[in-house]
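Worksheet: the structure to be examined is printed underneath.
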Amino acid sequence: MKVTRTLGQFIIEKQADFPYAKGELSRLLRDIGIAAKIVNREISKAGLVDILGEAGTTNVQGECQKKLDIYANEQFISALQSGGECCIVVSEENDEYIYIDSEISKDAKYIVAIDPLDGSSNIDVNVGVGTIFSIYRRKSVEGKATLEDVLQRGTEQVAAGYVIYGSSTMLVYTTGKGVNGFTLDPSIGEFCLSHPEMRVPEDGMIYSINEGYYAHFPDGVKKYIKYCQVEDDATNRPYTSRYTGSMVADLHRNMIKGGIFIYPITASAPKGKLRLVYECNPMAYIIEQAGGKASNGYQRILELEVTDLHQRSAIFIGSENMVKKAEEMMTCFSPQVMKKNFEGVAVIQ
Ligand code: AHG
Ligand code: MN
Ligand code: MN
């Protein structure tokens, strides 16, 4: 077996990349890694203990919470609370942001946004799920951190990552200097560097979208799907379609093999389904750091204005050339653009 570095060793090594850093960010990443291991432990024995199924509650989005959604949320929040480096946590599972008010966190500078369990509808059927996290530095310098500190654009992230609980468990993260992936070695209970300097292939042959909603997609998306399905030797089309229903799993595959993941606006989700703060922005940051591209169909995800903790966005993310092509289709065929060009054409908001 080849000798490699653990996540802990790697984080300490990389601390030198941040001249101003005093180790707080490193400790924060370490805390997230520890919570991920605890969540992984529960997920891996999910069929054996009473942790599958619905919790009987709903979150702020009106979605049914699974027992594991709640368990994962508690583990990440508790790790961040006891770590002392985080002043605010934003979570998919909590309506309001959580202010960490403790002696140990009184000088904490970081804000963490999390989707504790992504793809939780897959948990009962043993399909891969994930965790997504995003880290910001608070803007204000004294007093309690506020909502203003939280509502920062994706470009302001200082780190972001995801954990994929799949056939093996991996933690992938960036601090803005490339992307590195670590596989959990269960025999020693450590994440070990297995995927250094990850790069998304510029082109890909996989498209991931819930085609069941085809009738409700904007025309630009319909045209792009048709483009993917047409035969063309020069561009290796038709492409292949893969969609698990866990964004982390679909994006992780596309990171490694190349591809595009799309969750557009639809008739039933007129602003898109996925959440900007703890799903789209962290994934966009990671993908860009790996050489890919992330857009809402027209604009770079990371530059979108953030006005709400649970704001939604459409997302087109993955291999650069595939996302560019999809954007081209959106610009040419989307109702928004048609409205600009032709007065009176209906607009999907
Ligand atoms: P979550 O489990 O955190 O609510 O996220 C589920 C998300 C995302 O992971 C996935 O790609 C998408 O919802 C699936 O939605 P559809 O079932 O509408 O395709
Ligand atoms: Mn999610
Ligand atoms: Mn979730």
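So the sequence shown is residues 130 to 478, counted in my numbering.
Where a beta carbon is used, it is the ideal one built from N, C-alpha and C, also for glycine.
- Taking all protein chains in view, the Cβ of GLY426 is crowded by 16 or more other Cβ atoms within 10 Å, so the residue is classified as buried.
- Judged by the Cβ position, GLU221 qualifies as a neighbour of ligand 3 at the 7 Å threshold, a heavy atom of the ligand being closer than this.
- Around the Cβ of LEU431, a 10 Å sphere holds 16 or more other Cβ atoms; the residue is buried.
- In chain order, the residues that have a beta carbon nearer than 6 Å to some heavy atom of ligand 2 are ASP244, ASP247, MET376, GLU408.
- Between ARG371 and SER424, the gap from beta carbon to beta carbon reaches 8 Å or more.
- Note that the C-beta distance between GLY257 and THR369 is not below 8 Å.
- Closest option to ASP198, judged by alpha-carbon separation, among SER297, LEU246, TYR239: LEU246.
- Within the region 194 to 265, the alpha helix (DSSP H) runs of at least 4 residues that lie entirely inside it are, in chain order, 196 to 212.
- As computed with DSSP, HIS324 is found in a beta bridge with GLY310.
- Short of 8 Å from the beta carbon of GLU319, and not among the five residues preceding or following it, lie these beta carbons of its own chain, in chain order: THR135, LEU136, GLY137, LEU313.
- Beta-bridge partners assigned by DSSP to ARG366: ASP361.
- If the five residues before and after THR298 are omitted, its C-beta is found closer than 6 Å to the C-beta atoms of ASN169, LEU313, all from its own chain and listed in chain order.
- Ranking ILE240, ALA208, ASN223 by CA distance to the CA of CYS216 puts ILE240 first.
- Between ligand 3 and ASP253, a heavy atom-to-CB distance of less than 7 Å is absent.
- Checking the 7 Å criterion, the Cβ of ASP379 is out of range of every heavy atom belonging to ligand 3.
- Shortest gap from the CB of SER250 to any heavy atom of ligand 3: 7 Å or more.
- Within 7 Å of the C-beta of GLU192 there is at least one heavy atom belonging to ligand 1.
- At a cut-off of 7 Å, the beta-carbon of ASP224 does not count as near ligand 3: no heavy atom of the ligand is closer than that.
- Contact annotation: the region 341 to 348 touches the region 392 to 401, with at least three C-beta pairs closer than 8 Å.
- In this structure, ligand 1 has no non-hydrogen atom nearer than 7 Å to the beta-carbon of LEU405.
- When DSSP states are grouped into helix, strand and coil, ILE394 belongs to the coil group.
- Rounded to whole angstroms, the gap between the alpha carbons of PRO367 and ILE389 is 14 Å.
- Just measuring C-alpha positions, the residue of LYS235, ARG156, ASN251, VAL219 sitting nearest LYS196 is ASN251.
- In terms of side-chain proximity, the C-beta atom of ASP198 is found nearer than 7 Å to a non-hydrogen atom of ligand 3.
- Annotated three-state conformation of LYS402 is coil, per DSSP.
- For ASN339, the shortest separation between its Cβ and any heavy atom of ligand 1 lies below 7 Å.
- In this structure, the alpha-carbon of CYS357 lies about 15 Å from that of GLY447.
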